[in-house]
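In my numbering, the protein residues as written are 37 to 103.
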């Protein structure tokens, strides 16, 4: 391998290590935030009619379940 190829491979490996560290940190933050406890049934849904047909909407946008 040439010196440029060696440098490129080293840079790629360092980048992949950083991505892996970032993914691990993101998974940990998700666990700590307990986002998996989100309950969409707590949102007040209303039936509505639009040009494409019937749908549900909610004006309860301040509900913490939306965030």
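Note that beta-carbon positions come from the ideal geometry of N, C-alpha and C, so glycine has one too.
(request) Identify which residue in 95, 60, 68 and 88 has its Cα closest to the Cα of residue 80. (result) The residue labelled residue 80 in the question sits at position 44 within the chain shown. Of the candidates 95, 60, 68 and 88, the one whose C-alpha sits nearest the C-alpha of residue 80 is 95.
(request) Keeping to the same chain, check which residues put their C-beta closer than 8 Å to that of residue 92; ignore five residues upstream and five downstream. (result) Your numbering for residue 92 matches position 56 in the chain shown. Result list for residue 92: 81, 82, 83 and 84, in chain order.
(message) Extract the residue ranges of the alpha helix (DSSP H) inside the segment 39 to 90, only unbroken runs of 4 or more that lie entirely within it.
(response) 39 to 69
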